[in-house]
Structure formats: structure tokens, C-alpha cells
Amino acid sequence: METITNAIKVETTIDEATATAIPALRPLLGKRVELIALQADLPPADAPKRKLTVDELLAQRVDAPPGVPPLAEADIQRAIIAGALDGNL
Numbered sequence: 017m018e019t020i021t022n023a024i025k026v027e028t029t030i031d032e033a034t035a036t037a038i039p040a041l042r043p044l045l046g047k048r049v050e051l052i053a054l055q056a057d058l059p060p061a062d063a064p065k066r067k068l069t070v071d072e073l074l075a076q077r078v079d080a081p082p083g084v085p086p087l088a089e090a091d092i093q094r095a096i097i098a099g100a101l102d103g104n105l
């Protein structure tokens, strides 16, 4: 069994600022809650080991159809320019 040290307990009402800062609390907007903060000993599982390049970031955010390679930053910039020149803003 673990011993909990340095826990912080806060009683508050979830307002818009808190819900914006911590989106998981949005369902509790306007409710009175008790929040308890504990230090996390492990980094989040999804924390990147290194910074992503722009191309890697864009490739992760875009769900391309099967067989279509990830988009590069230059591809996206060309598409934006082409859309602007065609008047498709």
C-alpha cells in the first residue's frame, strides 16, 4: 500500500475558466466539487520521447485514405495557395 504525501485538496465550483483549462471537468460545469491533486511519479504514456517535426505532427493529425501517403507541410501550403487563388476561401 502506498503512502500519500503532499496531496492538495481543493473545494470549488467548476466555472468556465476551470473547464477550459481542464476539459475533462466540463461535464461538471456549475457543480461544486472536491479536487485532490497527487504528484504523478510516471510521465504520461503518450508523452513523446522527442519533439516531432512538422511533417510528423501533420501526419499524425490527418487520417488519410488507405494508399495515400502522409501530407508534407509543403503539400498543405500548396493546397492553401491553390484554394486562395481559385477563390475557395
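Residue numbers (my numbering): 17 to 105.
The beta-carbon is built from N, C-alpha and C at its ideal position, and this holds for glycine as well.
From a predicted model like this one, the values you see are computed outputs, not experimental measurements.
Integer-rounded CB distance, given that residue j should sit under 8 Å from residue i
| i | j | result |
| --- | --- | --- |
| residue 35 | residue 42 | 4 Å |
| residue 88 | residue 71 | 5 Å |
Contact set for residue i: own chain, Cβ-Cβ below 6 Å, skip 5 residues either direction
| i | result |
| --- | --- |
| residue 113 | An answer regarding residue 113 cannot be provided, because it is not within the stretch 17 to 105 covered by the chain. |
| residue 25 | 52 |
Beta-carbon contacts of residue i that lie in its chain and below 7 Å, excluding the five residues immediately before and after
| i | result |
| --- | --- |
| residue 22 | 55 |
8 Å Cβ shell around residue i - same chain, five flanking residues per side excluded
| i | result |
| --- | --- |
| residue 47 | 29, 30 |
| residue 68 | 76 |
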